[in-house]
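Quick note, this note's numbering runs 44 ahead of the 1-based positions in the sequence shown.
The beta carbon of each residue, even a glycine, is placed where N, CA and C say it ideally should be.
Here the structure is a predicted model, which is why all the values come from computation and not from measurement.
Contents: one structure, followed by commentary.
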Amino acid sequence: MIKYRTWYDTRIEEVEVIRETAKFVTESDGQRWAKRNDDFRNYFDTYQQAKDFLIDRVSELKKLEGRLEAIKARQNETRSPNHALLERLEIERDILNAVPDMRSILGEIRRGDSDMIRFVIGQIETAILNAKMPPEMVKYLTLLRRYQAIASKMEAERK
Numbered sequence: 045m046i047k048y049r050t051w052y053d054t055r056i057e058e059v060e061v062i063r064e065t066a067k068f069v070t071e072s073d074g075q076r077w078a079k080r081n082d083d084f085r086n087y088f089d090t091y092q093q094a095k096d097f098l099i100d101r102v103s104e105l106k107k108l109e110g111r112l113e114a115i116k117a118r119q120n121e122t123r124s125p126n127h128a129l130l131e132r133l134e135i136e137r138d139i140l141n142a143v144p145d146m147r148s149i150l151g152e153i154r155r156g157d158s159d160m161i162r163f164v165i166g167q168i169e170t171a172i173l174n175a176k177m178p179p180e181m182v183k184y185l186t187l188l189r190r191y192q193a194i195a196s197k198m199e200a201e202r203k
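Next comes the structure, spelled out in structure tokens:
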């Protein structure tokens, strides 16, 4: 059977699994692994589940950033600076631990991706205007514009 494995560096790979229990999978090479190990390997039934798992990890980082800002604001209070400092250090450690995941995800962006995405956006807009695509495709344009903005920022940083 086919499973989708996420790696610590945010790759998703399709793997052949010959045996599966509630907690373990055995790959076709005979190696047995835990199904869930948040920091290294995780196995999922569908590609979408694997992708959602990785997106959730990125979302966790966003939440940490919000918590960090709240902690910084509380540090200015004189009532409990030590508690706020300890909590801030813990959040900063969590953010640093998430950096390799973010770098790996953003590392998938290649020079020229921004232009290619912009071209695809133009093609979809033209197809919608010419009634060759349904107007519901507009929601995909919003997604592509966000990806294009990300790609533009990453390409600008690499110059």
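Could you check what DSSP says for residue i in three-state terms: helix, strand or coil?
i: Phe88; result: strand
i: Lys176; result: coil
i: Glu71; result: strand
i: Arg47; result: Residue 47 is actually Lys in this sequence, not Arg. It is a strand residue.
i: Arg189; result: helix
i: Ile153; result: coil
i: Arg63; result: strand
How about residue i and residue j: are their beta carbons less than 8 Å apart?
i: Tyr87; j: Arg111; result: no
i: Ile168; j: Tyr191; result: no
i: Asp145; j: Val102; result: yes
i: Ile115; j: Ile139; result: no
i: Glu57; j: Ser72; result: no
i: Ala142; j: Leu188; result: no
i: Pro195; j: Ile165; result: According to the sequence shown, residue 195 is Ala rather than Pro. Result no, Cβ atoms of Ala195 and Ile165 do not sit closer than 8 Å.
i: Met198; j: Leu150; result: yes
i: Arg79; j: Lys95; result: Checking the displayed sequence, the identity of residue 79 turns out to be Lys instead of Arg. Taking 8 Å as the Cβ cut-off, Lys79 and Lys95 do not qualify as a contacting pair.
i: Ser85; j: Trp51; result: The sequence shown places Arg at residue 85, rather than the Ser named in the question. It is a contact, given that the beta carbons lie within the stated cut-off.
i: Asp100; j: Lys47; result: no
From what residue to what residue does the beta strand (DSSP E) around residue i run?
i: Ala78; result: 76-78
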